[in-house]
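Q: Mind looking over this structure? Questions follow.
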Amino acid sequence: MAESKQHGTMSHSQEKTAVLDLSFNSITRLRAEWTPSRLDKLHSLLLSHNGLTFLSSEAFVYVTELRYLDLSSNGLRQLDELIFEPLEHLEVLMLYNNCISQIDRSAFAGLSSLQRLYLSKNQISRFPLELVKERSRLETLRVLDVSSNRIKVLPLHELQVLPAWIKNGLYFHNNPLPCSCELYDLVAGWHLKELSSATDFKSSHTCVLPGPQKEKMPITHLDRVLLNCTEVKIMDEVAYLEQFLVLDCDTRQKDMKKTWELPQNSSVSRANKTAVMRHDGSLQIGPLKTEDSGVYTCYATSDSVNETLYVTVVVFNSTTSGGLENLKTAYTTLVACLVSVVMVLIYLYLTPCRCAFCPGNGLEKNEPRDSPHSSNVSISQAHEETRQERVEGGGFPYRHVAFLEPKDQREQNGQLNPIGEEDEEWKWSSMERRKSDAESVSSVCSDTPMVV
Numbered sequence: 001m002a003e004s005k006q007h008g009t010m011s012h013s014q015e016k017t018a019v020l021d022l023s024f025n026s027i028t029r030l031r032a033e034w035t036p037s038r039l040d041k042l043h044s045l046l047l048s049h050n051g052l053t054f055l056s057s058e059a060f061v062y063v064t065e066l067r068y069l070d071l072s073s074n075g076l077r078q079l080d081e082l083i084f085e086p087l088e089h090l091e092v093l094m095l096y097n098n099c100i101s102q103i104d105r106s107a108f109a110g111l112s113s114l115q116r117l118y119l120s121k122n123q124i125s126r127f128p129l130e131l132v133k134e135r136s137r138l139e140t141l142r143v144l145d146v147s148s149n150r151i152k153v154l155p156l157h158e159l160q161v162l163p164a165w166i167k168n169g170l171y172f173h174n175n176p177l178p179c180s181c182e183l184y185d186l187v188a189g190w191h192l193k194e195l196s197s198a199t200d201f202k203s204s205h206t207c208v209l210p211g212p213q214k215e216k217m218p219i220t221h222l223d224r225v226l227l228n229c230t231e232v233k234i235m236d237e238v239a240y241l242e243q244f245l246v247l248d249c250d251t252r253q254k255d256m257k258k259t260w261e262l263p264q265n266s267s268v269s270r271a272n273k274t275a276v277m278r279h280d281g282s283l284q285i286g287p288l289k290t291e292d293s294g295v296y297t298c299y300a301t302s303d304s305v306n307e308t309l310y311v312t313v314v315v316f317n318s319t320t321s322g323g324l325e326n327l328k329t330a331y332t333t334l335v336a337c338l339v340s341v342v343m344v345l346i347y348l349y350l351t352p353c354r355c356a357f358c359p360g361n362g363l364e365k366n367e368p369r370d371s372p373h374s375s376n377v378s379i380s381q382a383h384e385e386t387r388q389e390r391v392e393g394g395g396f397p398y399r400h401v402a403f404l405e406p407k408d409q410r411e412q413n414g415q416l417n418p419i420g421e422e423d424e425e426w427k428w429s430s431m432e433r434r435k436s437d438a439e440s441v442s443s444v445c446s447d448t449p450m451v452v
């Protein structure tokens, strides 16, 4: 018997046992040969309080019909890969109050019937997301307890999108989680939905404030002090005309029978084509009209519990496409206004100036405006001489027009001098020059004979 207690062995007389309690012994190692034959009738095995530190990878090959396994309050430090794989019928696994710090991601593979897994009061630092994530989770798992461990990081986004029947049994309280508004949103939202994992241990849902003191405070108080997080409220469903909307009946229990009640206390029927109940219990409504606004009620029932959920739908009297068209029109108008302003500014400040003395458009101080020694200059000079004679003589003598030969013309040899001499006529104002030129042209075109 002493050998049996120390090394975990059994006699043949126990082959028909259904419940085997070996707790409060000194079984430190559970090897493959702890039972010499198969125990096909055994459905409950209790090994708590033994100081157990080692589990053989073949420890459970002869007890494949187990439904309840208690390994709590021992000295286990790690869970190796596929260690529980033979236990495909196991429903409850107790591993709390050990020293477990390492869990292989495949340690619980093969537990296709597992409903409750207790891992509290260990040294776990990583949240086992693979147990609840959509594509890898155990479909029958209802309770996962990882409370009172060393978990500092939670996959908050992944936990938010889990169905309510999983979140209802997901316990992570009393872990050294850093305080944040994202954590507050998660826990406060679970409180509003009255999930057991949040309401049963409300005072134990604490977090660690930043700072050297490592002060703890309730997560649900983060909206009041320090972080000043926004208060969490259950939001209504908002939609627009002609849209389709799916309302979820997210119950705390899985596989419940669900029925829907529409606004004005009407029920879902085949005659009502705007409301259709889907195979997963959700309700699809649409194309929406304004009269579809109101409170939709989901009644969920099972053998052990009943649940009622309310969803408020608000349908705006507009379409999303109409809103986009209005936005496009406003944008086009804004662009047109900006283009108009730019064109006005260009016209005012960037139009080329035709004035003789505009900045940047005139000539240099000593540079003639027209071509050097042009005929117009000669005509202007001749006109000035004629005007002086007319004033002095008091009559209208024949007008003498002379085309003066430019200075040093021979030396230019048909080439223009880029630096012409400054003529005295360019000292007059612009208006005087224009009038003088006009009169000179008229004198040239008159019938008065010209004498050279």
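Using full-length UniProt numbering, you'd call the opening residue of the sequence shown number 1 and step up by one each time. Where is the CB? At the ideal position from N, CA and C, for every residue including glycine.
1. Between the alpha carbons of residue 92 and residue 26, how many angstroms are there, rounded?
2. Where do the ends of the beta strand (DSSP E) carrying residue 260 lie?
3. Only counting the same chain, and skipping five residues up and downstream in sequence, which positions put a Cβ closer than 6 angstroms to that of residue 78?
4. Measuring alpha carbon to alpha carbon, tell me which residue in 75, 275, 120 and 244 is nearest residue 50.
5. First and last residue of the alpha helix (DSSP H) that includes residue 185?
6. Residues in the same chain with beta-carbon distance under 7 angstroms from residue 80, minus the five sequence neighbours each way, listed in chain order, please.
7. What runs of the beta strand (DSSP E), each 3 residues or longer, lie entirely inside the UniProt domain "Ig-like" (212 to 312)?
8. In terms of residues, what are the limits of the alpha helix (DSSP H) holding residue 197?
9. Extract the residue ranges of the beta strand (DSSP E) inside the stretch 35 to 88, only unbroken runs of 3 or more that lie entirely within it.
10. Check whether the stretch 253 to 269 touches the stretch 286 to 297, counting contact only when three or more Cβ pairs, one atom from each stretch, lie closer than 8 angstroms.
11. Below 8 angstroms CB to CB, which residues in the same chain sit around residue 283 once its five sequence neighbours on both sides are set aside?
12. State the CB to CB distance for the pair residue 222 and residue 184, rounded to an integer number of angstroms; the pair is presumed to be in contact (CB under 8 angstroms).
13. Rounded to the nearest angstrom, how far is the Cβ of residue 205 from that of residue 157, given a contact under 8 angstroms?
14. Using the Cα positions of residue 176 and residue 167, report the straight-line distance between them to the nearest angstrom.
15. Using DSSP with H/G/I as helix, E/B as strand and the rest coil, what is residue 341?
16. Ordered along the chain, which non-local residues of its own chain (more than five positions away) have a Cβ less than 6 angstroms from that of residue 68?
17. At what residues does the alpha helix (DSSP H) containing residue 159 begin and finish?
18. By Cβ distance, which residues of its chain are closer than 7 angstroms to residue 186, with the 5 residues on each side in sequence left out?
19. What are the residues that DSSP puts in a beta bridge with residue 103?
20. Would you kindly report the start and end of the unbroken beta strand (DSSP E) that includes residue 206?
21. Taking DSSP's pairing of strands, which residues face residue 314 in a bridge?
22. Applying the criterion that 16 or more other CB atoms from any shown protein chain within 10 Å of the CB defines a buried residue, is residue 346 buried or exposed?
23. In whole angstroms, what separates the C-alpha of residue 20 from that of residue 207?
24. Near residue 179, what residues of its chain come up, given a Cβ to Cβ distance below 8 angstroms and the 5 sequence neighbours on each side ignored?
25. Give me the Cβ distance between residue 257 and residue 301, rounded to the nearest whole Å; I'm assuming they're in contact under 8 angstroms.
26. Whose CA, out of 241, 212 and 120, lies closest to the CA of residue 94?
27. Between the Cα of residue 315 and those of 133, 134 and 287, spot the shortest distance and give me the residue it belongs to.
28. Let me make sure I understand the geometry here. Which of 342, 334 and 290 has the alpha-carbon closest to that of residue 319?
29. With H, G and I counted as helix, E and B as strand and the rest as coil, what does DSSP make of residue 170?
30. In the DSSP output, which residue or residues are listed as bridge partners for residue 178?
31. Quick one, are the C-beta atoms of residue 30 and residue 48 less than 8 angstroms apart?
32. Residue 229: which of 189, 23 and 198 sits nearest, CA to CA?
A: Reading it off the structure:
1. The residue labelled residue 92 in the question sits at position 92 within the sequence shown. The residue labelled residue 26 in the question sits at position 26 within the sequence shown. Rounded to the nearest angstrom, the two C-alpha atoms are 23 angstroms apart.
2. On the sequence shown, position 260 is the one that residue 260 refers to. Note, residue 260: beta strand (DSSP E), 257 to 261.
3. The residue labelled residue 78 in the question sits at position 78 within the sequence shown. So the qualifying residues of the chain are 102.
4. Along the sequence shown, read from residue 1 onward, the residue named residue 50 stands at position 50. It is 75.
5. Residue numbering aside, residue 185 sits at position 185 when the sequence shown is read from its first letter. First-last of the alpha helix (DSSP H) with residue 185: 181 to 192.
6. For the purposes of this step, residue 80 is identified with residue 80 of the sequence shown, where counting begins at 1. Result list for residue 80: 57, 104 and 107, in chain order.
7. 216 to 218, 237 to 240, 245 to 247, 257 to 261, 275 to 277, 283 to 285 and 294 to 301
8. Reading the sequence shown from its first residue, position 197 is the one you call residue 197. Segment 196 to 199, the alpha helix (DSSP H) holding residue 197.
9. 44 to 46 and 68 to 70
10. yes
11. Here residue 283 is taken as the residue at index 283 of the sequence shown, counted from 1. Closer than 8 angstroms at the Cβ level, and outside the excluded window around residue 283, lie 246, 247, 249, 260, 268, 275, 276, 277, 296 and 298.
12. The residue given as residue 222 occupies position 222 in the sequence shown. The residue given as residue 184 occupies position 184 in the sequence shown. Rounded, the Cβ-Cβ distance is 4 angstroms, consistent with contact.
13. What you label residue 205 is simply residue 205 of the sequence shown in a count that begins at 1. What you label residue 157 is simply residue 157 of the sequence shown in a count that begins at 1. 19 angstroms between Cβ atoms; not a contact.
14. Taking the sequence shown and counting its residues from 1, the one referred to as residue 176 is at position 176. Taking the sequence shown and counting its residues from 1, the one referred to as residue 167 is at position 167. C-alpha separation (whole angstroms): 20 angstroms.
15. Numbered from its first residue, the sequence shown carries residue 341 at position 341. Three-state result, residue 341: helix.
16. Your numbering for residue 68 matches position 68 in the sequence shown. The answer, listed in chain order, is 44 and 92.
17. The residue given as residue 159 occupies position 159 in the sequence shown. Its alpha helix (DSSP H) spans residues 156 to 160.
18. Numbered from its first residue, the sequence shown carries residue 186 at position 186. Cβ within range, chain order: 156, 159 and 160.
19. Locating residue 103 in the sequence shown gives position 103, where the first residue counts as 1. In the DSSP output, where bridge partners are listed per residue, residue 103 has 79.
20. Numbered from 1 along the sequence shown, position 206 holds the residue referred to as residue 206. Residues 206 to 208.
21. Your numbering for residue 314 matches position 314 in the sequence shown. Answer is 238.
22. Indexing the sequence shown from 1 puts residue 346 at position 346. Exposed, because fewer than 16 other Cβ atoms sit within 10 Å of the Cβ of residue 346.
23. Residue numbering aside, residue 20 sits at position 20 when the sequence shown is read from its first letter. Residue numbering aside, residue 207 sits at position 207 when the sequence shown is read from its first letter. Going from the Cα of residue 20 to the Cα of residue 207 covers about 41 angstroms.
24. Here residue 179 refers to the residue found at position 179 when the sequence shown is read from its first residue. Around residue 179: 207, 208, 209, 210, 217, 219, 222, 226 and 227.
25. If you number the sequence shown from 1, residue 257 lands on position 257. If you number the sequence shown from 1, residue 301 lands on position 301. Yes, residue 257 and residue 301 are in contact; Cβ-Cβ is about 5 angstroms, under 8 angstroms.
26. Mapped onto the sequence shown, residue 94 falls at position 94. The candidate whose alpha carbon is nearest that of residue 94 is 120.
27. Start at 1 with the first residue of the sequence shown, and residue 315 comes out as number 315. Per the Cα distances, 287.
28. Residue mapping note: residue 319 aligns to position 319 of the sequence shown, counting from 1. For residue 319, the nearest C-alpha among the options comes from 290.
29. Within the sequence shown, numbered from 1, the residue matching residue 170 stands at position 170. Note: residue 170 maps to strand in three-state DSSP.
30. Residue mapping note: residue 178 aligns to position 178 of the sequence shown, counting from 1. For residue 178, which the question treats as bridged, DSSP gives the partners 208.
31. Along the sequence shown, read from residue 1 onward, the residue named residue 30 stands at position 30. Along the sequence shown, read from residue 1 onward, the residue named residue 48 stands at position 48. Contact: no.
32. The count along the sequence shown starts at 1 and reaches residue 229 at position 229. Looking at the Cα atoms, 189 is the closest of the given residues.
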